[in-house]
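Position 128 (the sequence shown) corresponds to 269 in this note's numbering; numbering is contiguous. Where a beta carbon is used, it is the ideal one built from N, C-alpha and C, also for glycine. Notes for the one structure printed next.
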Amino acid sequence: MSPSAVAPGSQPGRTPAPPPGDERAKRRLALVGGSLGNLVEWYDWFVYASFAIYFADSFFPGDNPTTQLMNTAGIFAVGFLMRPVGGWILGRAADRHGRKSALTLTVTMMSVAALLIAVAPTYGQAGYFGALVLLLARLLQGMSIGGEYAASATYLTEASARNRRGLGSSFQYVSMTCGQLLGLGILITMQHTLTTAQLESWGWRIPFVLGALFAVVVFWLRRRLQETDAFKEEEASGEDAHDDSTRGTLRALWHYRRQAGLVMALTLGGTVAYYTYTTYLTKYLVGSAGMPKTTATLVSFTALTLFAVLQPFAGMLSDRIGRRPLLITFAVGCTLGTYPIMTALGSASSYWSALGLSLLALVVITGYTSINAAVKAELFPTRVRALGVALPYAIANALFGGTAEYVALWFKNSGHETMFFWYVSGCALISLVTYVLMPDTRDAALSRAEAGADGGADADRAVGRGDTAAAPVEPVR
Numbered sequence: 142m143s144p145s146a147v148a149p150g151s152q153p154g155r156t157p158a159p160p161p162g163d164e165r166a167k168r169r170l171a172l173v174g175g176s177l178g179n180l181v182e183w184y185d186w187f188v189y190a191s192f193a194i195y196f197a198d199s200f201f202p203g204d205n206p207t208t209q210l211m212n213t214a215g216i217f218a219v220g221f222l223m224r225p226v227g228g229w230i231l232g233r234a235a236d237r238h239g240r241k242s243a244l245t246l247t248v249t250m251m252s253v254a255a256l257l258i259a260v261a262p263t264y265g266q267a268g269y270f271g272a273l274v275l276l277l278a279r280l281l282q283g284m285s286i287g288g289e290y291a292a293s294a295t296y297l298t299e300a301s302a303r304n305r306r307g308l309g310s311s312f313q314y315v316s317m318t319c320g321q322l323l324g325l326g327i328l329i330t331m332q333h334t335l336t337t338a339q340l341e342s343w344g345w346r347i348p349f350v351l352g353a354l355f356a357v358v359v360f361w362l363r364r365r366l367q368e369t370d371a372f373k374e375e376e377a378s379g380e381d382a383h384d385d386s387t388r389g390t391l392r393a394l395w396h397y398r399r400q401a402g403l404v405m406a407l408t409l410g411g412t413v414a415y416y417t418y419t420t421y422l423t424k425y426l427v428g429s430a431g432m433p434k435t436t437a438t439l440v441s442f443t444a445l446t447l448f449a450v451l452q453p454f455a456g457m458l459s460d461r462i463g464r465r466p467l468l469i470t471f472a473v474g475c476t477l478g479t480y481p482i483m484t485a486l487g488s489a490s491s492y493w494s495a496l497g498l499s500l501l502a503l504v505v506i507t508g509y510t511s512i513n514a515a516v517k518a519e520l521f522p523t524r525v526r527a528l529g530v531a532l533p534y535a536i537a538n539a540l541f542g543g544t545a546e547y548v549a550l551w552f553k554n555s556g557h558e559t560m561f562f563w564y565v566s567g568c569a570l571i572s573l574v575t576y577v578l579m580p581d582t583r584d585a586a587l588s589r590a591e592a593g594a595d596g597g598a599d600a601d602r603a604v605g606r607g608d609t610a611a612a613p614v615e616p617v618r
């Protein structure tokens, strides 16, 4: 809670006492629990892309490595098609039954998917049946991650103090990136302990087995999490049957279609840029710059480590100056900087030059990644917040984020690789227009208690108890 906020039942306008020790401990547990669970979820998701260079020919035989990677990238993209389905089902579950229950369900689904990939037979063992198992596993992972993003974004934002929501939500991408780093770290270790032949034969299965085991630990951890105050307030305040029956439904989300459109537009540029400089970066350095796989992996690992460290600082900055300045900085930098950075990366001849350019790109992207979870959550009222974040975000990711790597490889295979650079810039430009036109959400009230603390006469409307759409977009003052 911010200094201006009060607990339910206290007098608006009075400065509350600092939260008691158990309240601070609860927030720390929520931050750690939500982040660690998110880490394992995204480890399982990204490890597929990290190890694709080793298992591509196990499922798709042939002489053209680019074609093999396009096939595995295609399955990676197909997983994104299930994200809107997962966003709808699990977002609804989070709004109706709580953030905690949705977070527990997503990690269970991810564990099963990781096991399927770990035991999938190769082409030599079962023909294209192995590729089918791979496809089914990615569809399950897509459904899981479609709900995970919204549930964790909503949970981390609601569980944070009002004046620290940018900081709290920044840990979503800290944990996402750490999940990818965990996968890359395992890859680097295996590259130095196993031969290339061993990695391509059976070594690539190890990270998926580990992912399933990690998920079991996270399942236990998430069972211990407490529900957020915002959801408990919403659940307890069910003033009429209409509110309760429509909570977390598409019917309720329709009243906030403008906000849903904003989520899609502000996600577009960020998701394309993020996947370009994370999942695709290693392949680009190997396939276009001609770097050894081990060097390219080390570049990605180092750059992502520093990228994760930057997230909380950018989140704290947004709590002081607002969300829009960071978003606009990202979009301008990505629109103007993608072509020169990618061109230079394509001719990078050393570890240090590639690392410097990768860091430059990731610093720019931090303006989006550090705060996008908070921005999206701040656009919606509690009763439809998880679904409102999940569904439009998942649709944007299915159309643009999941296809970014495939589009890049398609342009490369057709001999027009530089066209992909312009594609990324164009997506960022669309988001830039959105950032310029949308209001800043930093001061939005996420609960009736926060709205009441502002002394507003329309506290119920501000947190979405009515049926009008525009209220939650404007900051409550």
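- Using a C-beta cut-off of 8 Å, the segment 395-411 makes contact with the segment 514-521, since at least three inter-stretch Cβ pairs fall below that distance.
- In terms of Cα proximity to Phe372, the closest of Thr336, Arg364 and Arg388 is Arg388.
- In the displayed model, Arg346 falls within a helix according to three-state DSSP.
- Taking Gln332 as the centre and dropping the five residues before and after it, the same chain places the C-beta of Leu340, Lys434, Thr435 and Thr438 closer than 8 Å to its C-beta, in chain order.
- By alpha-carbon distance to Met457, the top candidate from Arg237, Glu182, Asn179 and Arg303 is Arg303.
- A straight line joining the alpha-carbon of Gly487 with that of Leu426 spans about 7 Å.
- Taking the Cα positions, Phe187 is about 26 Å away from Ser555.
- With a 10 Å radius around the Cβ and a threshold of 16 neighbouring Cβ atoms, Trp229 comes out buried.
- Pro466: member of the alpha helix (DSSP H) spanning Arg465 to Gly487, first to last residue.
- Counting only residues of its own chain and dropping the five nearest sequence neighbours on each side, Leu570 has a CB closer than 8 Å to the CB of Gly410, Ala472 and Thr476.
- Contact annotation: Arg589 and Glu289 have beta-carbon atoms that are not nearer than 8 Å.
- The Cβ atoms of Glu182 and Ile327 do not sit closer than 8 Å to each other.
- For Leu180, the secondary structure class from DSSP, reduced to helix, strand or coil, is helix.
- Following the DSSP letters along the chain, one finds Arg279 inside the alpha helix (DSSP H) bounded by residues Phe270 to Glu299.
- By a beta-carbon distance limit of 8 Å, Phe448 contacts Leu503. Their separation comes to about 4 Å.
- Measuring C-alpha to C-alpha distances from Leu246 to each of Ala259, Gly232 and Leu256 identifies Gly232 as the nearest.
- The DSSP-derived three-state label of Thr575 is helix.
- The residue from Ala197, Gly463, Arg364 and Ser242 with its alpha-carbon nearest to that of Gly344 is Ala197.
- Ranking Lys167, Ala515, Ala585 and Thr559 by CA distance to the CA of Ser310 puts Ala515 first.
- If you check the CB distance, Arg365 and Thr295 do not come in under 8 Å.
- Within a 10 Å sphere around the beta-carbon of Gln266 sit fewer than 16 other beta-carbons, which makes this residue exposed.
- In this structure, DSSP gives Ile512 a state outside helix and strand, which the three-state scheme calls coil.
- Setting aside the 5 residues that flank it on each side, Gln367 is surrounded in the same chain by Lys167, Leu170, Ala171 and Lys241, each with a C-beta closer than 8 Å to its C-beta; the list follows chain order.
- Take Met405, set aside five residues on each side of it, and the residues of its chain with a beta-carbon closer than 8 Å to its own are Pro533, Tyr534, Ile536 and Ala537, in chain order.
- Counting along the chain, the unbroken alpha helix (DSSP H) around Asp370 starts and ends at Asp370 to Ala377.
- Scanning the segment 411-439 for uninterrupted alpha helix (DSSP H) segments of 4 residues or longer gives 422-428, listed from N- to C-terminal end.
- By the Cβ-count criterion, Gly220 is buried, with 16 or more other Cβ atoms from all chains shown falling within 10 Å of its own Cβ.
- DSSP, reduced to helix, strand and coil, places Arg237 within a helical segment of the structure shown.
- In this structure Val315 is buried. Its beta-carbon is surrounded by 16 or more other beta-carbon atoms within 10 angstroms.
- In this structure Leu322 is in contact with Leu445, their Cβ atoms being roughly 5 Å apart against a cut-off of 8 Å.
- Taken in chain order, the whole alpha helix (DSSP H) runs of length 4 or more contained in the segment 310-364 are 337-342 and 347-364.
- Boundaries for Tyr397: no alpha helix (DSSP H) harbours it, and the DSSP string shows neither H nor E there.
- A distance below 7 Å between beta-carbons, with the five flanking residues on each side excluded, links Val350 to the following residues of its chain, in chain order: Ala259.
- The beta-carbon separation of Asp185 and Gln313, rounded to 16 Å, does not stay under the 8 Å limit for a contact.
- In this structure, the CA atom of Phe442 is about 43 Å from the CA atom of His396.
- Arg583 carries a coil assignment under DSSP once its states are collapsed to helix, strand and coil.
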